[in-house]
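A.B. asks:
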Amino acid sequence: MATKSSKKWLTVTITCPEKIVEAVTDQMGVMSGVGVDIQPVNSSNKQMITGFFALDKDNSNGDIENATNEILQKVTGELEKLFAIYNLILHEPKTKIIDDEDWATSWKQFFSTTEIIPGLVIRPSWEEYTPDGNQHVIKMDPGMAFGTGQHESTKLSLTLMASCFDTEHNKKPRRVLDVGTGTGILAMAAAAYGADQIMAIDNDPEAVTVAEQNVHANHFDWNIGVSTRSLEDLEGPYDLICANIVHDVLVDMASIIKRLAAKDCHIILSGILNGE
23 MATKSSKKWL
33 TVTITCPEKI
43 VEAVTDQMGV
53 MSGVGVDIQP
63 VNSSNKQMIT
73 GFFALDKDNS
83 NGDIENATNE
93 ILQKVTGELE
103 KLFAIYNLIL
113 HEPKTKIIDD
123 EDWATSWKQF
133 FSTTEIIPGL
143 VIRPSWEEYT
153 PDGNQHVIKM
163 DPGMAFGTGQ
173 HESTKLSLTL
183 MASCFDTEHN
193 KKPRRVLDVG
203 TGTGILAMAA
213 AAYGADQIMA
223 IDNDPEAVTV
233 AEQNVHANHF
243 DWNIGVSTRS
253 LEDLEGPYDL
263 ICANIVHDVL
273 VDMASIIKRL
283 AAKDCHIILS
293 GILNGE
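For what it's worth, the working numbering labels the leading residue of the sequence shown as 23, then goes sequentially.
#1: Counting Cβ pairs closer than 8 Å, one from the stretch 173 to 183 and one from the stretch 134 to 150, do we hit at least three?
#2: What are the boundary residues of the beta strand (DSSP E) that PHE133 is part of?
#3: Leaving aside the five residues before and after SER82 along the sequence, list all residues of the same chain whose C-beta is less than 7 Å from its C-beta, in chain order.
#4: Under 8 Å, do THR37 and VAL63 count as touching if we go by C-beta distance?
#5: Count the CB pairs spanning the stretch 211 to 219 and the stretch 283 to 294 that are closer than 8 Å, and state whether there are at least three.
#6: Pair every Cβ in the stretch 67 to 78 with every Cβ in the stretch 45 to 54, then say whether three or more of these pairs are closer than 8 Å.
#7: If contacts are defined as beta-carbon pairs under 8 Å, then THR33 and LYS118 qualify, I think. What distance do you get, rounded to the angstrom?
#8: Considering only DSSP beta bridges, list what GLY70 is partnered with.
#9: Could you pull out every unbroken alpha helix (DSSP H) segment of at least 4 residues lying fully inside the stretch 149 to 234, listed in chain order?
#10: What residue does the alpha helix (DSSP H) around ASN91 start on, and which one ends it?
#11: Does the Cβ of ASN225 have 16 or more other Cβ atoms within 10 Å, making it buried, or fewer, making it exposed?
#12: With C-beta atoms as the reference, is TYR260 less than 8 Å away from VAL198?
#13: When the Cα atoms are used, what is the spatial distance from MET275 to ILE290?
#14: Who are ILE290's beta bridge partners in DSSP?
#15: Grouping DSSP H, G and I as helix and E and B as strand, with all else coil, what is SER249?
#16: Considering ASP270, what are the terminal residues of the alpha helix (DSSP H) in which it resides?
#17: Take VAL43 and list the residues in its own chain whose beta-carbon comes closer than 8 Å to its own, dropping the five residues that flank it on each side.
#18: Would you kindly check if the distance between the Cβ of ILE207 and the Cβ of THR176 is under 8 Å?
#19: By the three-class DSSP mapping on this structure, what secondary structure does LYS118 have?
#20: Would you mind working out which of ARG196, HIS238 and GLY202 sits nearest PRO227, comparing C-alpha positions?
#21: So LEU101 and GLN49 are in contact, right, with Cβ under 8 Å, and what is the actual spacing, rounded?
#22: Which residue wins for smallest C-alpha separation from ALA233, given the options LYS161, LEU112 and GLY258?
#23: Roughly how many angstroms lie between the CA atoms of GLU150 and SER277, to the nearest whole one?
#24: Between the alpha carbons of THR205 and ASN236, how many angstroms are there, rounded?
#25: CA-CA distance, ARG196 and ARG145?
#26: On a Cα-Cα basis, can you pick out the residue from SER185, ALA239 and ILE111 that is closest to SER147?
#27: Using the rule of at least 16 other Cβ atoms within 10 Å of the residue's Cβ for burial, across every protein chain shown, is ASN266 buried or exposed?
#28: Out of curiosity, what's the CA-to-CA distance linking LYS29 and ASP121?
#29: Could you check the C-alpha separation between GLY247 and PRO115 for me, to the nearest Å?
If you want it as structure tokens, here you go:
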């Protein structure tokens with residue numbers, strides 16, 4: 023009896039200067055549609071960016087080699103144009119094919135304990151960390167969902183969120199909505215900062231599964247709900263609404279966000295590129 027072959031993924035890794043990391047990450051993320059990892063290159067001002075691409079059986083008549091070449095050609099072509107804008111040359115990307123069941127393992131080589139913004143530390147479950155002073159520590163595994171906090175849009179969202187919980191200048195948000203939660207990082211940060219009730223939604227069932235696991239691992243089950251419910255089905259008001267997703271989707275949901283917002287609601291919208 024023939025065994026069912028697992029889904030395969032192509033990782034494409036490039037190194038680029040700090041000044042174009044955000045542009046490259048956004049471009050790679052759009053092409054991937056799944057996830058992008060960013061890691062610093064030791065003793066340099068460069069970053070290593072890895073995109074994950076599904077090698078679907080329907081592509082290139084089921085030929086993995088042809089599918090790989092097609093993806094690599096497309097990614098290389100788009101990144102070469104982007105690099106040219108900054109008068110830079112794209113060096114040949116490094117590639118690797120991994121099986122579906124190896125996805126979580128592959129993330130371990132990219133993901134390590136990091137103070138993502140001042141006072142907030144993200145650590146994977148396989149590493150130990152002792153917090154320094156008043157640091158908040160969130161334990162999480164990305165699984166197959168996007169979001170370890172490395173992306174600039176996530177860092178910006180977390181920085182703004184932290185300022186919202188600065189009770190010296192603001193009333194502490196009690197009800198929080200995280201739209202497009204991914205791994206649940208923004209929702210868990212809100213819980214760590216002291217929110218009482220958080221709703222985290224995502225239209226990707228895999229992301230919801232990963233977020234639920236991360237929420238449970240951090241003992242936030244009591245105040246974070248994770249769901250595939252649509253934004254239209256939710257009831258406000260919320261004191262803080264976060265949506266770290268692409269510009270077009272933000273435009274489409276603007277009226278619903280307005281309906282769900284409390285009178286003095288903080289609204290954090292991230293993922294908007296220059297010129298949009």
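Note that the Cβ used here is the ideal one computed from N, Cα and C, for glycine as well.
C.D. replies: Looking at the atomic coordinates:
#1: Short answer: they touch.
#2: Translated into positions along the sequence shown, residue 133 becomes position 111. Premise fails: PHE133 is in no beta strand (DSSP E) and is neither H nor E.
#3: Here the question's residue 82 lines up with position 60 in the sequence shown. Confidence at SER82 is low in this model, with a pLDDT of 48, below 50, so the placement of that residue should be treated as unreliable; the coordinate-derived value is given next. The beta carbon of SER82 sits closer than 7 Å to those of ASN88, ALA89 and GLU92, all from its chain and outside the five residues before and after it, given in chain order.
#4: On the sequence shown, position 15 is the one that residue 37 refers to. On the sequence shown, position 41 is the one that residue 63 refers to. Yes. Within cutoff.
#5: With the cut-off at 8 Å, the stretch 211 to 219 and the stretch 283 to 294 do not touch.
#6: In short, these stretches touch, since the Cβ pair count reaches three.
#7: Translated into positions along the sequence shown, residue 33 becomes position 11. Translated into positions along the sequence shown, residue 118 becomes position 96. The beta-carbon distance between THR33 and LYS118, rounded to whole angstroms, is 5 Å. This is short enough to meet the 8 Å contact definition.
#8: Residue 70 sits at position 48 when you count from the first residue of the sequence shown. As written in the sequence, residue 70 is Met, which differs from the Gly given in the question. For MET70, which the question treats as bridged, DSSP gives the partners THR37 and GLN61.
#9: Counting only runs of 4 or more, we get 174 to 186 and 207 to 215.
#10: As a first step, residue 91 is located in the sequence shown; it is residue number 69 there, counting from the start. DSSP places ASN91 in the uninterrupted alpha helix (DSSP H) bounded by 86 to 107.
#11: The count along the sequence shown starts at 1 and reaches residue 225 at position 203. Per the 10 Å Cβ criterion, exposed.
#12: For this step, residue 260 is matched to residue 238 along the sequence shown. For this step, residue 198 is matched to residue 176 along the sequence shown. Going by C-beta atoms, TYR260 is nearer than 8 Å to VAL198.
#13: As a working mapping, residue 275 is identified with position 253 in the sequence shown. As a working mapping, residue 290 is identified with position 268 in the sequence shown. MET275 and ILE290: Cα-Cα distance of roughly 13 Å.
#14: Here residue 290 refers to the residue found at position 268 when the sequence shown is read from its first residue. Paired residue(s): CYS264.
#15: As a first step, residue 249 must be located in the sequence shown, where it is residue number 227. Strand.
#16: Mapped onto the sequence shown, residue 270 falls at position 248. Counting along the chain, the alpha helix (DSSP H) containing ASP270 begins and ends at 269 to 274.
#17: Residue numbering aside, residue 43 sits at position 21 when the sequence shown is read from its first letter. Counting only residues of its own chain and dropping the five nearest sequence neighbours on each side, VAL43 has a CB closer than 8 Å to the CB of ILE60, GLN69, ILE71 and GLU174.
#18: Taking the sequence shown and counting its residues from 1, the one referred to as residue 176 is at position 154. Taking the sequence shown and counting its residues from 1, the one referred to as residue 207 is at position 185. Yes, these two residues count as a Cβ contact at 8 Å.
#19: The count along the sequence shown starts at 1 and reaches residue 118 at position 96. DSSP places LYS118 in strand when its eight states are reduced to three.
#20: Against the sequence shown, residue 227 aligns to sequence position 205. Nearest to PRO227 by C-alpha distance, out of ARG196, HIS238 and GLY202, is GLY202.
#21: Residue numbering aside, residue 101 sits at position 79 when the sequence shown is read from its first letter. Residue numbering aside, residue 49 sits at position 27 when the sequence shown is read from its first letter. Between GLN49 and LEU101 the Cβ distance is about 7 Å, and since that is below 8 Å, they are a contact.
#22: For this step, residue 233 is matched to residue 211 along the sequence shown. Looking at the Cα atoms, LYS161 is the closest of the given residues.
#23: For this step, residue 150 is matched to residue 128 along the sequence shown. For this step, residue 277 is matched to residue 255 along the sequence shown. Per the coordinates, the alpha-carbon of GLU150 lies some 43 Å from the alpha-carbon of SER277.
#24: Residue 205 sits at position 183 when you count from the first residue of the sequence shown. Residue 236 sits at position 214 when you count from the first residue of the sequence shown. So the two alpha carbons sit approximately 7 Å from each other.
#25: For the purposes of this step, residue 196 is identified with residue 174 of the sequence shown, where counting begins at 1. For the purposes of this step, residue 145 is identified with residue 123 of the sequence shown, where counting begins at 1. Taking C-alpha positions only, ARG196 is separated from ARG145 by approximately 25 Å.
#26: As a working mapping, residue 147 is identified with position 125 in the sequence shown. Of the candidates SER185, ALA239 and ILE111, the one whose C-alpha sits nearest the C-alpha of SER147 is ALA239.
#27: In the sequence shown, residue 266 corresponds to position 244, counting from 1. Taking a 10 Å sphere around the C-beta of ASN266, we find 16 or more other C-beta atoms and assign the residue as buried.
#28: Taking the first residue of the sequence shown as position 1, residue 29 is located at position 7. Taking the first residue of the sequence shown as position 1, residue 121 is located at position 99. Rounded to the nearest whole angstrom, the C-alpha separation of LYS29 and ASP121 is 6 Å.
#29: If you number the sequence shown from 1, residue 247 lands on position 225. If you number the sequence shown from 1, residue 115 lands on position 93. GLY247 and PRO115: Cα-Cα distance of roughly 40 Å.
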